[in-house]
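**Q** This note's numbering puts the first residue of the sequence shown at 47, with every later residue one more than the last. Every residue, glycine too, gets a C-beta built ideally from N, C-alpha and C. Below are the structure tokens for one structure; questions will follow.
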Amino acid sequence: MLNKIIFFVLILFSSSYSFGFVENVTKGYPNCMACHVSASGGGVLNDYGRSLSKELMSTWTLFSHFEDPYYGLAKNTPNIKFGGQHRVIQIHGENDQVKLKRQFTMQNNVEFAIQYAQAFVVATLGTKEGPDNTPDKRKFLSERHYIQWAAAPDVQVRVGKFRQNFGINHPNHSRFTKSSTGFGSYSESYNLDLTKFFEWGEINLSSSVGNMWTNKNEDDEKRNLALNLTHYMGGNSRVGISLLKGESKSYIRDLFSAHAVFPLFKNIVGRSEIVYENKANKTGDSLTPKTKALYGDHQYGYKLFKGFMPYLVFEHSQNNLENSDTLILAPGT
């Protein structure tokens, strides 16, 4: 176990804004669809999101239309939007026993959204990436492919493969609240998703059927139902709760998340999420006693200048609340 981290660098290339920068909530955009095609945020940007990326997040502009897809190499049309992600991660760590130095591509794809009438067809095309021991590394992968239909001006219906809406949608999938609860890297599944928007917030209901249409050998029979309630506060904050009830071949579980994105001072942004899990493993036709777990991710960023925001991060994980030895505390920057 590393007990002293020297530094951690995440390098973003290509259309990095399309990851979903939830801190823009504090700029007066609590609804994710202000910037993104997806009802839950993340992924390809709409035209307004492109312009906001320049206004709110670009440190410099090298030439006209620098905010366009692939730094101006492509241009959106009224019915076709482009995006994509290419991310490289570099990790350095050290303690008395171990020195760690790794660099690898963690995401590599292009994304497009085609509009027809009141519907969008959205898909990514790319390769599976990760550390050297990642199964199927560099093989073709479509992380997301779905149809989203505006059933009404304030109602979005989505069906296909995407990461199920639960808690805060942000791009750091290694956080305990994501990786330890089944929403980490490459956790996209086939879902049916309904979102209703109000002036005060939004309600989202989704049902997942796992990977049953991908490969029968890979289907772990993961099925669940999730509910998200989000309240917009003052136009520059959002608080919410998420509930999930599900099961797979190996377990049944209930998840509860409380989360918020909020400004503290003029240039300080807070993001916080706590996830409680109640889980029982399957052993043949019986279940083990339920195990209660708690995961937390708390992050505070300070905007030094436009496009540059360092963070203080505090994570905690305890996968068995009755066993104090399972507690992990992870402060960092």
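Closer than 8 Å by C-beta to G256: which residues in its own chain qualify, once you throw out the five before and the five after it? Chain order, please.
**A** As a working note, residue 256 is residue 210 in the sequence shown. S235, Y236, D265, D266, E267, K268, R269, S294, listed in sequence order.
**Q** Which two residues bound the contiguous alpha helix (DSSP H) that contains Y116?
**A** Looking up residue 116 in the sequence shown gives position 70. 115-118 is the extent of the alpha helix (DSSP H) around Y116.
**Q** In the DSSP assignment, the alpha helix (DSSP H) including F222 goes from what residue to what residue?
**A** Position 176 of the sequence shown holds residue 222. Counting along the chain, the alpha helix (DSSP H) containing F222 begins and ends at 222-225.
**Q** Given that a residue counts as buried once 16 or more other Cβ atoms are within 10 Å of its Cβ, and exposed if not, what is Y75?
**A** As a first step, residue 75 is located in the sequence shown; it is residue number 29 there, counting from the start. Y75 is buried by the Cβ-count criterion.
**Q** Buried or exposed for A169, going by 16 or more other Cβ atoms inside 10 Å?
**A** Locating residue 169 in the sequence shown gives position 123, where the first residue counts as 1. Result: buried.
**Q** Nearest to H305 by CA position, among L271, Y341, P335, is which residue?
**A** Along the sequence shown, one-based indexing puts residue 305 at 259. It is Y341.
**Q** Within 10 Å of its beta-carbon, does L350 have 16 or more other beta-carbons around it, so buried, or fewer, so exposed?
**A** Within the sequence shown, the letter at position 304 stands for residue 350. Classification of L350: exposed, given that the 10 Å Cβ count is below 16.
**Q** Per DSSP, what are the beta-bridge partners of V68 in this structure?
**A** Here residue 68 is taken as the residue at index 22 of the sequence shown, counted from 1. The partner list for V68 (beta bridge, DSSP) is empty, contrary to what the question assumes.
**Q** Does the stretch 137-152 come within contact of the stretch 108-122, defined as at least 3 CB pairs closer than 8 Å?
**A** no
**Q** Could you have a look at G95 and say whether DSSP puts it in helix, strand or coil?
**A** By one-based count along the sequence shown, residue 95 stands at place 49. In the structure shown, G95 sits in a helix (DSSP, three-state: H, G or I).
**Q** What does the Cβ neighbour count give for N125, buried or exposed, with the cut at 16 atoms within 10 Å?
**A** Here residue 125 corresponds to residue number 79 of the sequence shown, with the count starting at 1. N125 is exposed by the Cβ-count criterion.
**Q** Taking the alpha carbon of G129 as the point to measure from, which residue in V90, K183, G228 has its own alpha carbon closest?
**A** On the sequence shown, residue 129 is found 83 positions in, with the first residue counted as 1. Of V90, K183, G228, the residue nearest in Cα terms is V90.
**Q** Going by beta carbon distance, what residues of the same chain come within less than 8 Å of S97, once the five residues before and after it are set aside?
**A** By 1-based counting over the sequence shown, the position of residue 97 is 51. If we look at S97 and ignore the five residues flanking it on each side, its Cβ neighbours are E113.
**Q** Buried or exposed: which applies to I52, given that a residue is buried once 16 or more other Cβ atoms fall within 10 Å of its Cβ?
**A** Within the sequence shown, the letter at position 6 stands for residue 52. Residue placement at I52 is poorly supported in this model, since its pLDDT is 38, which falls under 50; the coordinates still yield a value, given next. I52 comes out exposed.
**Q** Could you check the C-alpha separation between Q364 and N324 for me, to the nearest Å?
**A** By 1-based counting over the sequence shown, the position of residue 364 is 318. By 1-based counting over the sequence shown, the position of residue 324 is 278. Each residue's Cα considered, the two are about 12 Å apart.
**Q** For the stretch 281-298 against the stretch 237-246, do three or more pairs of beta-carbon atoms, one drawn from each stretch, fall closer than 8 Å, so that the two count as touching?
**A** By the C-beta criterion, the stretch 281-298 is judged not to be in contact with the stretch 237-246, since fewer than 3 inter-stretch pairs fall below 8 Å.
**Q** To the nearest whole angstrom, what separates the beta carbons of I298 and L275, a pair I think is in contact under 8 Å?
**A** For the purposes of this step, residue 298 is taken as the residue at position 252 of the sequence shown. For the purposes of this step, residue 275 is taken as the residue at position 229 of the sequence shown. The C-beta separation of I298 from L275 comes to about 23 Å, leaving the pair out of contact by the 8 Å criterion.
**Q** Looking at the structure shown, is K163 part of a helix, part of a strand, or coil, going by DSSP?
**A** Counting from one through the sequence shown, the residue named residue 163 turns up at place 117. Correcting the residue identity first, residue 163 is Ala in this sequence and not Lys. A163 falls in the coil class under three-state DSSP.
**Q** Specify the secondary structure class of T170 as computed by DSSP and reduced to three states.
**A** The sequence position of residue 170 within the sequence shown is 124, counting from 1. Strand at T170.
**Q** Do L187 and K207 count as a contact pair if the criterion is CB distance below 7 Å?
**A** For the purposes of this step, residue 207 is taken as residue 161 along the sequence shown, with counting starting at 1. For the purposes of this step, residue 187 is taken as residue 141 along the sequence shown, with counting starting at 1. It is not a contact, given that the beta carbons lie outside the stated cut-off.
**Q** Who are the Cβ neighbours of Y162 in its own chain at under 7 Å, not counting the five residues just before and after it?
**A** As a working note, residue 162 is residue 116 in the sequence shown. Once the five neighbours on either side are set aside, Y162 has no close Cβ partner at all.
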